[in-house]
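Read through the structure below, which is laid out as structure tokens, and then see the notes.
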Amino acid sequence: MPPTIPMLTYDPLDPATLADPHPVLAALREATPVFWHEGMRTWVLTRHADCVAVLRDYALFARDRRRMGAEVPELSLSVQSLDPPHQAPVRSLFMTALHAQDLTAIELRARALLAARFGRLTGGGEFDVMAEVAAPLSIAVISDLLGVDEPDHSSFAQVSDAIMRSMDGGLDSSVVEPGRIARQELSALVESWFRTSGRPGLLSHVREHARQGTGAGLDLFVRNTARVMFQGGYSTMVAAIGNAVHTLLHNPHALQQMRDQDLLRTGVDELVRYDGPVQGTSRIATETCEIGGVTVTEGETVTVLFAAANHDPAQFPDPGRLLPGRSPNRHLGYGWGTHACIGTMPAQMALRALVASLLEHPAPLNAAAEPRRRRTATMRAFDVLPAVFRPELGVHR
Ligand code: HEM
5 MPPTIPMLTY
15 DPLDPATLAD
25 PHPVLAALRE
35 ATPVFWHEGM
45 RTWVLTRHAD
55 CVAVLRDYAL
65 FARDRRRMGA
75 EVPELSLSVQ
85 SLDPPHQAPV
95 RSLFMTALHA
105 QDLTAIELRA
115 RALLAARFGR
125 LTGGGEFDVM
135 AEVAAPLSIA
145 VISDLLGVDE
155 PDHSSFAQVS
165 DAIMRSMDGG
175 LDSSVVEPGR
185 IARQELSALV
195 ESWFRTSGRP
205 GLLSHVREHA
215 RQGTGAGLDL
225 FVRNTARVMF
235 QGGYSTMVAA
245 IGNAVHTLLH
255 NPHALQQMRD
265 QDLLRTGVDE
275 LVRYDGPVQG
285 TSRIATETCE
295 IGGVTVTEGE
305 TVTVLFAAAN
315 HDPAQFPDPG
325 RLLPGRSPNR
335 HLGYGWGTHA
345 CIGTMPAQMA
355 LRALVASLLE
365 HPAPLNAAAE
375 PRRRRTATMR
385 AFDVLPAVFR
395 PELGVHR
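Going by my numbering, the sequence shown opens with residue 5, and the numbers climb by one from there.
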């Protein structure tokens, strides 16, 4: 039995850990790569190999808590909470619908939006990247992808925020109920899209093909998955864009390297490895087993820390360096296995549009006042990220 790490040793909400989680994660990986966290009542995994082993084995490590006799609220039953074989028809319905979309056209529209925004923001002094770039770009791309009208930005941001915060329910139970109410509100909106939106896009494809009898049916799972696609996709993308801009502001050489189209393609993945938004996920052991020399008892929760795995030197040489051409780059920023991100392609596309637009804009973007990290554990994001375009500096080529 390895030593139990007291909760204070690893507190994801500690200000120093929020500022930079990697020193403490590296120390934990070195000392006790698999440890029991009493506060979160979970085993925590920090090594890439252990994380992949758990994510790969859905028979042994369940996402669907109902397999262990737990009750799951109806609103939470989606592609995210089901395991194979029940997950397969829903997942393939959405994957097929995604592949049917014209991502190149969406990317071009994203770039046009960014060029117009950057133009307006130039010469206007300091601005908040989260409010002025990350949120509007994400909502535009997701609405475009799904084929729906953009919802009112500020009320949607509030609902999305409550759902995102509720992901930390294991650390703070007060965020659970606001998250449930927000899910209900958003479900009503998604429901109305299914009824009324006639625009081409991912949702209309899903609606048509679910009706044509893919086996999934236009049922609860499909509706809930549509909500997860919209809200999960939006909040993760906002966070990813903020983290990427912050990283690039502090790594201007890497930004310039990404003028090369090959490095742009691989570089957006390296940005997600280096400082990705999703810090971890959890599974439940369906049988007593061993992970990294530690015995995990049937029914115990296992938390896979993507952030730690993505900086594991056994998998990524020199993990603290941002290398746009890093290859291989088997990072876990988009998850792994049967629950890996469905939105990886549009996410990569939006990040490419962001980086290309920053490089094309005639004025370089500079960091301004001190940014403020959001106090959330599962999602790593900024609340405020001040920056300024400085036309007088010209673009360094
Ligand atoms: C850079 C942006 C993004 C990142 C870093 C990201 C990351 C992730 C990660 C790590 C997971 C796996 C979580 C787990 O195993 O529990 C996941 C799942 C998921 N993502 Fe993303 N995501 C991003 C953008 C998007 C977008 C844009 C969409 C939708 C358009 C999306 C839709 C989903 C869905 C539906 C799942 C659940 C898949 C399943 O459980 O089968 N994501 N994402």
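All residues carry an ideal CB built from backbone N, CA and C; glycine is no exception.
Note that the structure is predicted; figures quoted are calculated from it, not measured.
- In the three-state DSSP reduction, Arg203 falls in the coil class, being neither helix nor strand.
- A check of alpha carbon separations from Val38 across Tyr14, Ser177, Arg60 and Thr229 identifies Tyr14 as the nearest.
- The straight-line gap separating the alpha-carbon atoms of Asp279 and His41 is approximately 23 Å.
- Distances from the CB of Gln84 to the heavy atoms of the ligand HEM include at least one below 6 Å.
- Looking at the backbone, the Cα of Pro89 and that of Arg330 are separated by about 35 Å.
- DSSP places Pro155 outside both helix and strand once states are collapsed to three, so it counts as coil.
- Within the region 91-137, the runs of alpha helix (DSSP H) at least 4 residues long that lie entirely inside it are, in chain order, 91-103 and 107-125.
- For Asn228, the enclosing alpha helix (DSSP H) stretches over residues Leu224 to Leu253.
- Short note on His209: C-beta not closer than 6 Å to any heavy atom of the ligand HEM.
- With a cut-off of 6 Å, the C-beta of His343 is classified as near the ligand HEM, since at least one heavy atom of the ligand falls inside that distance.
- Ranked by Cα distance from Val249, the options Asn228, Glu274 and His26 are led by Glu274.
- In the DSSP assignment, Ala372 falls outside any beta strand (DSSP E), carrying neither H nor E.
- The ligand HEM has no heavy atom closer than 6 Å to the beta-carbon of Arg113.
- Here DSSP, grouped into helix, strand and coil, assigns Met383 to strand.
- Between Val58 and Val308, the CB-CB gap stays under 7 Å.
- Secondary structure of Ser286 (DSSP, three-state): strand.
- Using a cutoff of 6 Å, the CB of Val306 does not count as near the ligand HEM, since none of the ligand's heavy atoms is closer than that.
- With 16 or more other Cβ atoms from the protein chains shown falling within 10 Å of its own Cβ, Arg33 counts as buried.
- Between the region 231-244 and the region 290-310, the count of C-beta pairs closer than 8 Å stays below three; the two stretches do not touch.
- Bridge partners of Ile295 according to DSSP: Val298.
- Boundaries cannot be given for Ala318, as no alpha helix (DSSP H) includes it and DSSP labels it neither H nor E.
- Annotation for Pro317: Pro323 place their beta carbon closer than 6 Å to its own, counting only its chain and skipping 5 residues before and after.
- DSSP places Thr21 in the uninterrupted alpha helix (DSSP H) bounded by Pro19 to Ala23.
- Pro366 is positioned such that its CB atom lies no closer than 7 Å to that of Met262.
- Contact annotation: Gln319 and Thr382 have beta-carbon atoms that are not nearer than 7 Å.
- Separation of the CB atoms of Glu111 and Arg269 is rounded to 12 Å, and the pair is thereby denied contact status at 8 Å.
- For Val210, the secondary structure class from DSSP, reduced to helix, strand or coil, is helix.
- Distance between Ser80 and Val94, taken at the CA atoms: about 14 Å.
- With the rule of 3 Cβ pairs closer than 8 Å, the region 180-192 does not count as touching the region 42-58.
- Put simply, of Ala385, Met353, Val133 and Thr380 the residue whose alpha carbon is nearest the alpha carbon of Asp148 is Met353.
- Taken through DSSP and simplified to helix, strand or coil, Leu86 comes out as coil.
- For Val76 and Arg70, the gap between their C-alpha atoms comes out near 7 Å.
- Residue state for His41 is assigned as strand, using DSSP reduced to three classes.
- Straight-line spacing of the CA atoms in Ala289 and Val226 works out to 27 Å.
- When the Cα atoms are used, Met241 and Gly347 turn out to be separated by approximately 10 Å.
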